[in-house]
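Below is one structure, written out as C-alpha cells; the observations come after it.
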Amino acid sequence: MKLTRREFLQGAGAALGAAALPTALRAAGPSPIALRAAISQQDIRAGGPTQVWAFNDQCPGPLLRFRRGDTLDALVRNDLPTVTTVHWHGIRLPNAMDGVPHVTQAPIRVGDRFEYKFKLPDAGTYWYHPHQSSFEQVPRGLYGPLVVEEDKPLEVDREELWVLGDFKLDKRNRPIEDFGKVLDFGSWGRLGNTFTINGTAAGPERKLSLRPNERVRLRLVNGASARIFYLAFTGHEPVVVTYDGQSVQPHPIPNGVLVLGCGQRTDLVIDGTAGPGTFAIMDKRDAGTQIASIAYAGRPVREKALAMPQPVTPNDLDEPDLVKATAHFLVFEGGTLGQPAIGRVDGKEMDVKQIMEQHGLTWTMNYTAQHEHAMMHTPLFRFSKGEHVVIRMLNNTEFEHPMHLHGHFFKVLRIDDRKLERPIWRDTVMVAPKGSAEIAFVAENVGEWMFHCHILDHAAGGMMGTIVVDS
Ligand code: C2O
Ligand code: CU
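Number 841 marks the last residue of the sequence shown (the working numbering); no jumps.
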C-alpha cells in the first residue's frame with residue numbers, strides 16, 4: 371500500500387488518539403519555533419494532576435518533525451525557577467548549539483531566551499532535553515522528541531512514536547522531590563515508580579492497535595533519567611530498523627528483549643500477524659511490568675503479511691579506518707557496590723572518602739570524578755580534526771552504563787569480548803557490569819564534546835567528561 375505524504379501524516383495523527391502524541395511542530399517558515407520551559411500541570415495518572423516541568427506545557431514537549439537537511443530554529447524561553455539549557459541528543463551540530471552549560475554556552479537565566487539554530491544532517495529519531503542539572507530537570511518532565519525524516523521514508527501504513535519515561539510520585543500524585551541523593555548517584559540512579567508512555571501512565575490499558583497485516587513503524591525513545599527498559603513484545607516479532615536513528619540491517623530483536631538504555635532510541639517495524647486478541651508489551655526488569663498491549667481491531671489491511679522491510683536509507687557517516695586509528699582506553703570505577711573509586715576530583719588528587727563525603731561523587735572515568743560541567747579543563751581525550759580513533763571502555767563497576775558521546779556517531783565494534791558481525795552506529799552504547807565496549811569513529815566535529823553516562827544520576831555523580839576535537 372502506497373500512501374502519499376499527506377495521507378501518511380494524517381494517518382499518523384489519527385492513529386495516535388489515546389496515546390496522546392505530542393503535537394508536531396514543523397520548522398518551515400521564517401520564524402523560529404517557540405519552546406518555553408516552565409512549571410506546568412499534567413494528568414499523568416488517575417487521581418489528579420501532577421506538577422511537572424515541561425516544554426510548552428506538555429510532557430513530552432512538542433514533537434519537532436523535520437526533513438533531513440532542514441534547519442531547526444528554536445527560540446527557547448526559560449520560565450523555570452532556575453537556569454537551564456537545551457541539548458539536542460544525537461544531532462551532529464556545531465558545538466555552540468550543543469546546549470551544555472559552561473562548556474558550549476552560558477546557562478539560560480530565568481526569564482531569558484536562547485536561540486538554537488542548526489542544520490539537521492542526519493535522518494532518524496532523536497530527542498531534546500536540558501543539560502543543566504539534568505538528573506533533576508529531565509525526571510521532572512523536561513524532554514521532547516525530534517524526528518528527522520529520511521529523503522525516502524520507509525514504507526509503512528502508519529507510524530507511532532513512544533517516548534518512554536518514569537515519574538516518582540506520591541499517593542496524591544505529587545512528585546517526590548528527592549533529587550541528588552548520593553545513594554542514587556552511586557547505584558541504579560533515581561528510579562520512578564510510574565512508567566509513562568508519552569507522559570501518561572503506562573499499563574495494560576495502553577494500546578498499540580493493529581489491523582490484521584498492518585505494518586507500523588514504532589519509534590521508541592528512552593527519556594527516563596535512570597531507567598533502562600527491557601522490552602518484550604508477546605506474540606510478535608518486531609524488526610529493528612534503526613538504533614539511535616541510524617540504519618541497521620533489519621533484524622528481529624536480539625534474544626527477544628529490546629534493551630533501551632537511557633537516551634537510546636530504536637525504531638521497530640511491527641506487522642499485525644498475530645491477531646485476533648490482545649498481546650502484552652512487557653518491561654522485563656525485576657518481576658516484569660506490562661507497559662502496554664497490542665490490540666487487534668478492524669479489517670485486514672492486506673491479504674498476506676508483508677515481507678521483511680528494506681533497510682532505512684543510511685545517513686552519510688564517515689567510516690573509521692581501523693588500521694590508521696589511534697587507540698584509547700576509558701576505565702570506569704566506583705559505585706556503592708564495587709571497589710571504591712580511586713583518583714581525582716576535577717583533576718585534583720583525592721582519596722575515596724573525600725570524593726564521596728565532601729563532593730558527593732561516586733564514580734570515576736580514567737580515575738577522575740568530575741562535577742557536572744564544573745570544570746572541563748582536563749578533557750578525557752584530545753583529538754585532531756579528522757583523526758580516526760578507537761576507544762575501548764572497561765567497566766570495573768557492578769552497574770551498567772549507557773555511555774553517550776555528543777556531536778558524533780560511533781561504530782560499536784565489540785561488546786564485551788564479542789566482535790559484532792555487523793558493527794552498528796550509535797550515539798549511546800550500553801556497557802555491562804564488569805563488561806567492556808569498543809567503539810570507533812572519525813573525530814570530525816570540532817569543539818569540546820561531552821562523553822558521559824546517560825543514567826543522569828551517574829553523570830552528576832562523576833561520570834561526565836569531555837573529548838576535544840581540535841581544528
Ligand atoms: Cu542526552 Cu549529554 O545527553
Ligand atoms: Cu552510569
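Virtual Cβ for every residue (Gly too), placed ideally from N, Cα, C.
For residue i, does the three-state DSSP call read helix, strand or coil?
i	result
Gly381	At Gly381 the pLDDT is 37, less than 50, meaning the model places this residue with poor confidence; the figure from the coordinates comes in the next sentence. Looking at Gly381 - three-state DSSP - the assignment turns out to be helix.
Glu485	strand
His828	helix
Ala466	helix
Ser504	helix
Val411	Here residue 411 is Gln; the residue named in the question, Val, does not match the sequence. Here Gln411 sits in strand by DSSP.
Glu719	strand
Gln616	strand
Gly626	helix
Ile725	helix
Met652	strand
Lys781	strand
Pro670	coil
Trp423	strand
Ala802	coil
His822	strand
Met773	strand
Leu524	coil
Leu405	strand
Ala596	coil
Can you give me the start and stop residues for the beta strand (DSSP E) that residue i sits inside?
i	result
His459	His457 to His459
Leu531	Arg528 to Phe537
Lys577	Lys577 to Leu580
Val446	Thr441 to Asp449
Pro793	Arg788 to Arg796
Leu490	Segment: none, Leu490 is in no beta strand (DSSP E) and carries neither H nor E.
Thr564	Thr564 to Ile567
Leu601	Phe599 to Phe603
Take residue i and list the residues in its own chain whose beta-carbon comes closer than 8 Å to its own, dropping the five residues that flank it on each side.
i	result
Thr420	Gln411, Gln412, Asp413, Ile414, Phe537, Leu539, Asn543, Arg544 and Pro545
Leu790	Val782, Leu783 and Arg784
Met678	Val609 and Pro620
Using only the alpha-carbon positions, how far apart do residue i and residue j sit?
i	j	result
Asn842	Arg462	One cannot answer for residue 842 here, as it falls past the ends of the chain, which runs 371 to 841.
Asp443	Ile403	6 Å
Pro430	Glu485	20 Å
Val693	Asp548	49 Å
Gly777	Lys674	43 Å
Thr474	Thr566	31 Å
Gly817	Pro523	32 Å
Arg437	Pro684	14 Å
Ala813	Thr648	47 Å
Met735	Arg752	15 Å
Tyr513	Val470	15 Å
Ala665	Val682	27 Å
His459	Gly593	11 Å
Pro500	Asp797	17 Å
Val453	Ala466	18 Å
Glu575	Arg655	20 Å
Ser806	Met773	11 Å
Val508	Lys804	28 Å
Gln634	Tyr613	8 Å
Ile837	Ser663	42 Å
Ala830	Gln502	10 Å
Ala667	Leu433	27 Å
Name the DSSP bridge partner or partners of residue i?
i	result
Arg635	Val591
Phe926	No information on residue 926 is available, as it lies outside the stretch 371 to 841 that the chain covers here.
Asn817	Here the sequence assigns Gly to residue 817, which means Asn is not the residue at that position. Answer is Val839, bridged to Gly817.
Tyr498	Trp458 and Gly514
Ser663	Lys577 and Ala650
Pro545	Leu539
Arg752	Val838
Ala675	Answer is none; Ala675 lacks a bridge partner.
Thr452	Answer is none; Thr452 lacks a bridge partner.
Ala847	Summary: the structure shown does not reach residue 847, with the chain confined to residues 371 through 841, and so no result is reported for it.
His621	Val610
Arg585	Asp641
I need the boundaries of the alpha helix (DSSP H) containing residue i, first residue and last residue.
i	result
Lys555	The question names Lys, but residue 555 is Phe in the sequence shown. Phe555 -> alpha helix (DSSP H) spans Val552 to Phe555.
Looking only at its own chain, which residues have a Cβ that is under 6 Å from the Cβ of residue i, when we skip the five neighbours before and after it?
i	result
Arg375	Residue placement at Arg375 cannot be trusted, given a pLDDT of 40 that sits under 50; what the coordinates show is reported in the next sentence. Nothing meets the Cβ criterion.
Arg447	Arg406 and Arg483
Asp827	Phe505, Asp554, Phe555, Gly559, Arg560 and Ala596
Gly658	Met652
Ser841	Lys755 and Val816
Glu589	Correcting the residue type first, residue 589 is Arg in the shown sequence and not Glu. Same-chain partners within the cutoff: Thr495, Leu531 and Asp637.
Glu757	Ala813
Phe603	Ile651
Asn583	Gly642, Pro670, Val671, Arg672 and Ala675
Thr748	Gly717
Spell out whether any CB of chain C is found under 8 Å from the CB atom of residue i.
i	result
Gln634	Absent from the structure: chain C. Only one protein chain is present.
Excluding sequence positions up to five away, which residues of its chain have a Cβ less than 7 Å from the Cβ of residue i?
i	result
His743	Val470, Pro471, His472 and Val473
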